[in-house]
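Trainee: My questions all concern the structure below.
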Amino acid sequence: MEALIPVINKLQDVFNTVGADAIQLPQIVVLGTQSSGKSSVIESLVGRSFLPRGPGIVTRRPLVLQLVYSPKDSKEHRSAEEGTVNLEEWGKFLHTKDKIYTDFDQMRQEIERETDRMAGSNKGICPEPISLKIFSTRVVNLTLVDLPGITKVPIGDQPEDIENQIRNLIIKYISNPNSIILAVTAANTDMATSEAIKMSKEVDPDGRRTLAVVTKLDLMDAGTDAIDILCGRVIPVKLGIIGVVNRSQQDIIDNKSIGDALKDEATYLQRKYPTIATRNGTPHLAKTLNRLLMHHIRDCLPELKVRVNVMISQFQSLLNSYGEDVSDKSQTLLQIITKFASAYCSTIEGTARNIETTELCGGARICYIFHETFGRTLDSIHPLVGLTRMDILTAIRNATGPRPALFVPEVSFELLVKRQIRRLEDPSLRCVELVHEEMQRIVQHCGTEVQQEMLRFPRLHQRIVDVVTQLLRTRLPATNAMVENLVQIELAYINTKHPDFHREAALVSGLLKSTDSLMDEHSPVYRQKTPRPASSPHVPAITD
Numbered sequence: 025m026e027a028l029i030p031v032i033n034k035l036q037d038v039f040n041t042v043g044a045d046a047i048q049l050p051q052i053v054v055l056g057t058q059s060s061g062k063s064s065v066i067e068s069l070v071g072r073s074f075l076p077r078g079p080g081i082v083t084r085r086p087l088v089l090q091l092v093y094s095p096k097d098s099k100e101h102r103s104a105e106e107g108t109v110n111l112e113e114w115g116k117f118l119h120t121k122d123k124i125y126t127d128f129d130q131m132r133q134e135i136e137r138e139t140d141r142m143a144g145s146n147k148g149i150c151p152e153p154i155s156l157k158i159f160s161t162r163v164v165n166l167t168l169v170d171l172p173g174i175t176k177v178p179i180g181d182q183p184e185d186i187e188n189q190i191r192n193l194i195i196k197y198i199s200n201p202n203s204i205i206l207a208v209t210a211a212n213t214d215m216a217t218s219e220a221i222k223m224s225k226e227v228d229p230d231g232r233r234t235l236a237v238v239t240k241l242d243l244m245d246a247g248t249d250a251i252d253i254l255c256g257r258v259i260p261v262k263l264g265i266i267g268v269v270n271r272s273q274q275d276i277i278d279n280k281s282i283g284d285a286l287k288d289e290a291t292y293l294q295r296k297y298p299t300i301a302t303r304n305g306t307p308h309l310a311k312t313l314n315r316l317l318m319h320h321i322r323d324c325l326p327e328l329k330v331r332v333n334v335m336i337s338q339f340q341s342l343l344n345s346y347g348e349d350v351s352d353k354s355q356t357l358l359q360i361i362t363k364f365a366s367a368y369c370s371t372i373e374g375t376a377r378n379i380e381t382t383e384l385c386g387g388a389r390i391c392y393i394f395h396e397t398f399g400r401t402l403d404s405i406h407p408l409v410g411l412t413r414m415d416i417l418t419a420i421r422n423a424t425g426p427r428p429a430l431f432v433p434e435v436s437f438e439l440l441v442k443r444q445i446r447r448l449e450d451p452s453l454r455c456v457e458l459v460h461e462e463m464q465r466i467v468q469h470c471g472t473e474v475q476q477e478m479l480r481f482p483r484l485h486q487r488i489v490d491v492v493t494q495l496l497r498t499r500l501p502a503t504n505a506m507v508e509n510l511v512q513i514e515l516a517y518i519n520t521k522h523p524d525f526h527r528e529a530a531l532v533s534g535l536l537k538s539t540d541s542l543m544d545e546h547s548p549v550y551r552q553k554t555p556r557p558a559s560s561p562h563v564p565a566i567t568d
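Whatever position you read off the sequence shown (first residue = 1), add 24 for the numbering used here.
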């Protein structure tokens, strides 16, 4: 049974280190109002003064305190390398790694320093816990969580909602169904209005996991006692109510040792409450907490074991998915880049492992863009759209200048053809844009192909995606320029030797035969008054 608490402590250290709270571990959560004697109770359990003290809120971060019983003949916790073989007691903070603290004043200073580092020096609070493990020959195995004292009014530079912040922090810890609530209340206050008892009842209405501690029994009004409270007649608590007598502020100023305070406590209880003295006091509280925690761990252990095994299985699978250890970073980097490039090429070639069945992607999409989208657009462009007969005839007449032409001028033909060829440029540039968008989509699609590496090296994968995307973006202007150059090449030289040209030559001749009649009908500017020479029936004579 005693071995259970160290096991839970190890789990707690692991979870605090990695910042995970997926599993709620059994622990004792200490809560109470400011000046209720909460810190004094914890120090009495340890037997040393090591907690920060002062006006206002001094506990501003949760303190996970693990008390480990370590007899002098124990080899489990004592080490010659650390110099703890002959020590009576020592402490270790989780955030300072293997540093050993033998001076409890230094522990207090480290708590204050670490609190200021995370919570600042303006009396604000921080939910990040501080983990302290104390090894001693005078303690029982316990795990306590000391929380900030409940307060109502902000002081100094504290935020206006400090009460809600502290309340939310306390509720977070005591809502853990595997926690034991240690509700600390001063005897010289009304037990019925105790904030600690009130908050514990919110999450534990039956009091099944609440233990009440009544402090300052020696400060009650003259002629009164706490016998009804300690016997549970005022407010019943399932786990019991234990009264303690702490050191007063004057005792602390006078450096009264906790050992002497425990002796005075025992004397006071025997004198004031002789019938229940053995069921109260700090030693009885320590034994009760130890027993309750062990039994609580035992009850929670089956479910805890199942959850731990499930998490081990999940994370083992995740660990296996990350692959082998990286021994050669350069080689691993080259392999990942090569795999990404292969996945990219496979997506284009249609040989990828995960082929989409809901939509076209990769090379198939590019093929569709070329043959369907771009092809249909080109087919829809009629070579004579935008050219009227008047445009053609006017271009032919203008190309002859002041001289009558015997044949159709080639200049007019090239002028009209180039005008139509330019209409192919915009659809071609749009095709380039669509292919560029699809190639960028392929980059994202490759993420599923190399998902294992993406999970293991997310920053590297994102960097690869950024570089490839930027590369595609930089090549877009060059590709557009190439398409524009292709159009310019076609414009620069009209190949009249092409078979299509000869097939359509007859149509041009037929068009010329109707030139005169059309010009006479539509344009008086070109109407001629004299008959044509017999040698040139198609060219009008120019008269005065």
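All C-beta atoms in this analysis are idealised placements derived from N, C-alpha and C, irrespective of residue type, glycine included.
1. Taking 9 angstroms as the threshold (beta carbon to beta carbon), is residue 155 in contact with chain B?
2. Quick check: the Cα distance between residue 441 and residue 425, rounded to an integer number of angstroms?
3. Applying the 10 Å Cβ sphere with the 16-neighbour rule, what's the burial state of residue 318?
4. So the candidates are 72, 34, 493; which of them puts its Cα closest to the Cα of residue 365?
5. What distance in whole Å lies between the Cβ atoms of residue 405 and residue 386, which are believed to be in contact at a cut-off of 8 angstroms?
6. Does the count of Cβ pairs from the region 151–163 and the region 79–98 closer than 8 angstroms reach three?
7. Rounded to whole angstroms, what's the CA-CA distance from residue 482 to residue 368? Just pull it up for me.
8. So, under 8 angstroms CB-CB, residue 205 and residue 218 are touching, yes? Tell me the CB distance rounded to an integer number of Å.
9. How long is the line joining the alpha carbons of residue 74 and residue 229, rounded to whole angstroms?
10. Just verifying my parser: in three-state terms, what is the DSSP assignment at residue 376?
11. Sort 470, 437, 283, 462 by Cα distance to residue 515 and report the nearest one.
12. Find the nearest neighbour of residue 208 within the set 76, 197, 220, 214, judged by alpha-carbon distance.
13. Is it buried or exposed for residue 267, if we count other Cβ within 10 angstroms and need 16 for buried?
14. Measure the Cβ-Cβ separation of residue 175 and residue 81 and say whether it is below 9 angstroms.
15. How is residue 341 classed by DSSP in three states: helix, strand or coil?
16. What separation, rounded to the nearest whole angstrom, lies between the Cα atoms of residue 237 and residue 94?
17. Check whether the region 384–400 touches the region 444–459, taking contact to mean three or more Cβ pairs, one atom from each stretch, closer than 8 angstroms.
18. Taking DSSP as the reference, what is the three-state secondary structure of residue 224?
19. Starting from the N-terminal side, write out each stretch of the alpha helix (DSSP H) that is 4 residues or longer and does not extend beyond the region 233–269.
20. Going by the DSSP bridge assignment, what does residue 157 pair with across the sheet?
21. Cutting at 8 angstroms between CB atoms, please list the residues of its own chain near residue 35, excluding the five before and the five after it.
22. Enumerate in chain order the residues of its own chain whose CB-to-CB distance from residue 30 is below 6 angstroms, with the five nearest sequence positions on each side excluded.
23. Around the Cβ of residue 566, are there at least 16 other Cβ atoms within 10 angstroms (buried) or fewer (exposed)?
24. What residues in its chain sit with their C-beta under 7 angstroms from that of residue 443, if we drop five residues either side in the sequence?
25. Who are the Cβ neighbours of residue 186 in its own chain at under 6 angstroms, not counting the five residues just before and after it?
26. Tell me which same chain residues have a C-beta within less than 7 angstroms of the C-beta of residue 275, skipping the five on either side of it?
27. Please report the Cβ distance between residue 300 and residue 68, rounded to the nearest whole angstrom; I am assuming they are in contact, meaning their Cβ atoms lie under 8 angstroms.
28. Is residue 127 helix, strand or coil when you go by DSSP?
29. What is the rounded straight-line gap between the Cα of residue 569 and the Cα of residue 287?
30. Could you spell out the range, first to last residue, of the beta strand (DSSP E) harbouring residue 302?
31. Among 462, 210, 470, which has the Cα closest to the Cα of residue 500?
32. Within its chain, find whatever has a CB closer than 7 angstroms to the CB of residue 389; leave out the 5 residues flanking it on each side and keep chain order.
33. How many Å lie between residue 325 and residue 315 at the Cα?
34. Leaving aside the five residues before and after residue 410 along the sequence, list all residues of the same chain whose C-beta is less than 7 angstroms from its C-beta, in chain order.
35. Does the region 113–122 come into contact with the region 143–157, if we say contact requires no fewer than three beta-carbon pairs (one atom in each stretch) closer than 8 angstroms?
36. Scan the region 353–414 and note each continuous beta strand (DSSP E) run of 3 residues or more that stays entirely inside, going in chain order.
Mentor: According to the data block:
1. Annotation note: the requested chain B is absent from the structure, which comprises a single protein chain.
2. So the alpha carbons of these two residues sit roughly 20 angstroms apart.
3. For residue 318, the number of other beta carbons within 10 angstroms of its own is at least 16, and it is reported as buried.
4. Selected option, being the one with the closest Cα: 493.
5. Contact flag wrong, Cβ pair sits at about 28 angstroms.
6. Yes, since at least three Cβ pairs between the region 151–163 and the region 79–98 fall closer than 8 angstroms, the two stretches touch.
7. Whole-angstrom Cα-Cα distance: 18 angstroms.
8. Wrong, their Cβ atoms sit about 12 angstroms apart, outside the cutoff.
9. Rounded to whole angstroms, residue 74 to residue 229 spans 33 angstroms at the Cα level.
10. Note: residue 376 maps to coil in three-state DSSP.
11. Closest by alpha carbon: 437.
12. The shortest C-alpha separation from residue 208 is found at 220.
13. Residue 267 should be labelled buried.
14. In contact: residue 175 and residue 81 (Cβ atoms closer than 9 angstroms).
15. Helix.
16. Cα-Cα distance, rounded: 26 angstroms.
17. At 8 angstroms Cβ cutoff, the stretches touch.
18. Helix, per DSSP.
19. Annotation note: the region 233–269 contains the following uninterrupted alpha helix (DSSP H) runs of length 4 or greater, listed N- to C-terminal: 251–254.
20. DSSP, once it has assigned bridges, lists 90, 116 as partnering residue 157.
21. If we look at residue 35 and ignore the five residues flanking it on each side, its Cβ neighbours are 47, 49, 332.
22. Beyond the five residues adjoining it in sequence on each side, residue 30 comes within less than 6 angstroms, by CB distance, of no other residue in the same chain.
23. For residue 566, the predicted structure reports a pLDDT of 36, less than 50, and the residue's modelled location is therefore unreliable. The matter cannot be settled from this model.
24. Cβ within range, chain order: n/a, list empty.
25. Excluding sequence positions up to five before and after residue 186, its CB lies within less than 6 angstroms of the CB of 178, all in the same chain and listed in chain order.
26. Only 285 meet the Cβ criterion.
27. No, residue 300 and residue 68 are not in contact; Cβ-Cβ is about 19 angstroms, not under 8 angstroms.
28. Residue 127: coil per DSSP, three-state reduction.
29. The first residue shown for the chain is 25 and the last is 568, placing residue 569 beyond what the model contains.
30. Element bounds for residue 302: n/a, residue is neither H nor E.
31. That would be 462, whose Cα lies nearest to the Cα of residue 500.
32. If we look at residue 389 and ignore the five residues flanking it on each side, its Cβ neighbours are 462.
33. When rounded, the distance between both Cα atoms is 15 angstroms.
34. Closer than 7 angstroms at Cβ, skipping near neighbours: no residue.
35. Touching, yes.
36. With a minimum length of 3 residues, no continuous beta strand (DSSP E) run stays inside the region 353–414.
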